[in-house]
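Chemist: Below is one structure. I have some questions about it.
Number of protein chains: 2
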Amino acid sequence: MVGRKSLSGDYCPSARSLDVIGDWWSLLIVRDAFDGMTRFGEFQKSLGIAKNILAQRLRTLVERGILAPVPAANGGAHQEYHLTEMGRDLFPVMVALRQWGERYLFEPGEPHSKLVDRDTGRPIRLDVRTDDGSAVTADRALILKVPVADED
Amino acid sequence: MVGRKSLSGDYCPSARSLDVIGDWWSLLIVRDAFDGMTRFGEFQKSLGIAKNILAQRLRTLVERGILAPVPAANGGAHQEYHLTEMGRDLFPVMVALRQWGERYLFEPGEPHSKLVDRDTGRPIRLDVRTDDGSAVTADRALILKVPVADED
DNA sequence: ATCAAATGGTTTCATTATAAAACCGAATCA
DNA sequence: TGATTCGGTTTTATAATGAAACCATTTGAT
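From first to last, the protein sequence lines are chains A and B. Going by this note's numbering, the first residue of the first sequence is number 10, and it counts up by one from there. Going by this note's numbering, the first residue of the second sequence is number 10, and it counts up by one from there.
Printed below as a string of structure tokens:
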């Protein structure tokens with residue numbers, strides 16, 4: 010959408026992800042959706058986004074399978090926007106962004122919203138690990154590029 | 010930068026994060042930095058970004074403490090851009106984006122780059138958990154809003 | 001039933017950001 | 001010493017965004 014250069018052909022999954030949700034508004038809309046918002050007006054009020062832009066973003070989020078338009082909730086005639094499974098699976102992305110923001114973008118002692126387990130109340134975090142469970146930092150990671158056939 | 014409305018006052022850490030790195034190019038530059046790139050020309054070639062835009066983005070990433078300009082590497086007079094600790098701590102965000110992209114943005118069997126532990130070769134993943142180690146899905150999460158003092 | 005207001009957009013237009021290209025000084029390279 | 005690359009900046013064209021006006025359909029109140 011905003012991207013001039015489409016990264017959809019890139020072999021780096023991060024790049025493809027950013028191609029789909031890397032624009033300014035999409036992840037904010039998704040965040041609000043995780044927060045329970047479903048309606049046009051809710052998003053619009055929450056984000057202060059222009060209505061035409063919101064309409065466009067909702068459209069592309071639906072096109073891309075992250076949101077689904079569901080006919081009604083309470084019998085009303087309006088439409089709602091719900092996260093699909095694909096959309097819900099952005100949860101770790103949101104948590105990662107949250108965790109980074111908590112650490113670097115708040116003054117010590119400055120209040121911020123917190124993410125907890127609904128049942129136990131325990132704080133929710135995320136960690137990068139290998140499949141045997143050991144924690145991994147960035148410097149221990151290595152990206153294996155996909156072997157290039159014969160193009161330059 | 011791109012954001013008309015600054016989310017820097019928002020009490021949601023995700024929103025503040027997106028305010029800082031939520032624009033189209035910043036995370037792609039960070040991805041390349043994780044990939045070992047340090048020089049203007051490397052980023053420019055890799056991303057196909059216009060040079061003026063790249064210069065601007067590098068400037069704001071430095072301003073915001075995500076990249077640091079380091080004088081030289083091999084004695085040369087040129088400048089390099091290195092991830093700061095703050096920048097390296099975006100690693101989980103990159104992994105989360107990668108993981109989501111792998112699942113939803115590639116055809117079955119389509120090749121993509123892989124992230125592995127440099128030493129053991131084991132694949133790197135990330136999971137959302139509570140502090141007692143139990144995995145958490147989005148539907149089990151609850152956002153505790155910061156108590157509002159008296160403003161509307 | 002009726003009128004007013006809210007909802008969920010679309011359209012139009014002004015403003016802003018982006019991209020492309022030209023340009024430029026300093027450093028490398030031959 | 002001359003040509004080329006590097007790391008940008010400036011200028012200009014184009015594309016995206018934001019604000020406001022507008023509109024059809026619902027919803028709510030009388």
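We treat Cβ as the ideally placed atom computed from N, Cα and C, and that holds for glycine.
(1) Going by DSSP, what residue range makes up the alpha helix (DSSP H) through A/Asp126?
(2) Just mark A/Leu16 as buried or exposed, buried being the case when its beta carbon has 16 or more other beta carbons within 10 Å.
(3) Comparing the C-beta of A/Phe49 with each C-beta of chain B, is any distance below 8 Å?
(4) Just the chain A side, please: which residues come within less than 9 Å of B/Lys14 by C-beta, in chain order?
(5) Run through DSSP, which three-state label would B/Val11 get?
(6) Using a Cβ cut-off of 9 Å, which residues of the region 107-119 of chain B contact any Cβ in chain A, in chain order?
(7) Does chain A have any CB closer than 8 Å to the CB of B/Pro80?
(8) Would you say B/Leu56 and B/Leu37 are within 8 Å of each other, going by their C-beta atoms?
(9) Anything in the region 120-134 of chain B with a Cβ closer than 7 Å to a Cβ of chain A? List those residues in chain order, please.
(10) To the nearest angstrom, how far is it from the Cα of B/Phe49 to the Cα of B/Arg40?
(11) Taking only the alpha-carbon atoms, compute the straight-line gap between A/Ser26 and B/Arg107 and give it to the nearest angstrom.
(12) A/Leu63 by DSSP, collapsed to three states: which one?
(13) With distances taken between CB atoms, is the gap from A/Tyr90 to A/Pro80 smaller than 8 Å?
(14) Chain B beta carbons: is any one of them nearer than 8 Å to that of A/Val102?
(15) Sort A/Gly142, A/Val137, A/Asp126 and A/Asp141 by Cα distance to A/Ala150 and report the nearest one.
(16) If distances are taken between C-alpha atoms only, which option among B/Asp126, B/Ala144, B/Lys154 and B/Asp140 comes closest to A/Asp141?
(17) Using the Cα positions of B/Ser23 and B/Ile152, report the straight-line distance between them to the nearest angstrom.
(18) For the region 19-32 of chain B, list every residue whose C-beta sits within 7 Å of some C-beta in chain A, in sequence order.
(19) Could you name each continuous beta strand (DSSP E) segment of 3 residues or more that falls completely within the region 109-157 of chain B, going from the start of the chain to the end?
(20) What is the rounded straight-line gap between the Cα of B/Met10 and the Cα of B/Leu63?
(21) According to DSSP, B/Ala77 sits in a beta bridge with which residue or residues?
(22) A/Tyr20 and B/Pro132 look like a contact to me (Cβ under 8 Å); what is the Cβ gap, rounded to whole Å?
(23) Are the Cβ atoms of A/Val102 and B/Trp33 separated by less than 8 Å?
(24) For B/Leu70 and B/Ser143, I'd like the C-alpha separation in whole angstroms.
(25) Starting from the beta carbon of A/Val71, find every residue of chain B whose beta carbon is closer than 7 Å, and list them in chain order.
(26) Given a cut-off of 8 Å, decide if A/Gly118 and A/Thr93 are closer than it, judged by their beta-carbon atoms.
(27) Identify each residue in the region 139-158 of chain A for which the Cβ-Cβ distance to at least one residue of chain B is less than 9 Å, and report them in chain order.
Modeler: Short version:
(1) Here A/Asp126 belongs to no alpha helix (DSSP H); instead the beta strand (DSSP E) covers Lys123 to Asp126.
(2) buried
(3) Judged by the 8 Å Cβ criterion, A/Phe49 is not in contact with chain B.
(4) Leu56, Gly57 and Ile58
(5) Any reading at B/Val11 is ruled out, since the residue's pLDDT is 40, under 50, leaving its predicted position unreliable.
(6) Arg107, Gln108, Trp109, Gly110, Glu111, Arg112, Tyr113, Leu114, Phe115 and Glu119
(7) Proximity of B/Pro80 to chain A, defined by a Cβ-Cβ separation below 8 Å, is not satisfied.
(8) For B/Leu56 and B/Leu37, yes; Cβs fall inside 8 Å.
(9) Per Cβ criterion, the list reads Pro120, His121, Ser122, Lys123, Leu124, Val125, Asp126, Arg127, Asp128, Thr129, Arg131, Pro132, Ile133 and Arg134.
(10) 14 Å
(11) Cα to Cα, A/Ser26 sits roughly 7 Å from B/Arg107.
(12) helix
(13) no
(14) yes
(15) A/Val137
(16) Between A/Asp141 and the set B/Asp126, B/Ala144, B/Lys154 and B/Asp140, the nearest pair of CA atoms involves B/Asp126.
(17) 12 Å
(18) Taking 7 Å as the cut-off between beta carbons, the residues of the region 19-32 of chain B near chain A are Tyr20, Cys21, Pro22, Ser23, Ala24, Arg25, Ser26, Leu27, Val29, Gly31 and Asp32, in sequence order.
(19) For the region 109-157 of chain B, the continuous beta strand (DSSP E) assignments of 3+ residues that do not extend past its boundaries occur at 123-126, 133-139 and 150-153, in sequence order.
(20) Residue placement at B/Met10 cannot be trusted, given a pLDDT of 41 that sits under 50; the coordinates are not used to answer.
(21) Under DSSP, B/Ala77 shares a beta bridge with B/His91.
(22) That belief does not hold up - the Cβ atoms of A/Tyr20 and B/Pro132 are roughly 16 Å apart, past 8 Å.
(23) no
(24) Going by C-alpha positions, B/Leu70 is about 35 Å away from B/Ser143.
(25) Here the premise fails: no neighbours, minimum Cβ distance about 15 Å.
(26) no
(27) The residues in question are Thr139, Asp140, Asp141, Ser143, Val145, Thr146, Ala147, Asp148, Arg149, Ala150, Leu151, Ile152, Leu153, Lys154, Val155 and Pro156.
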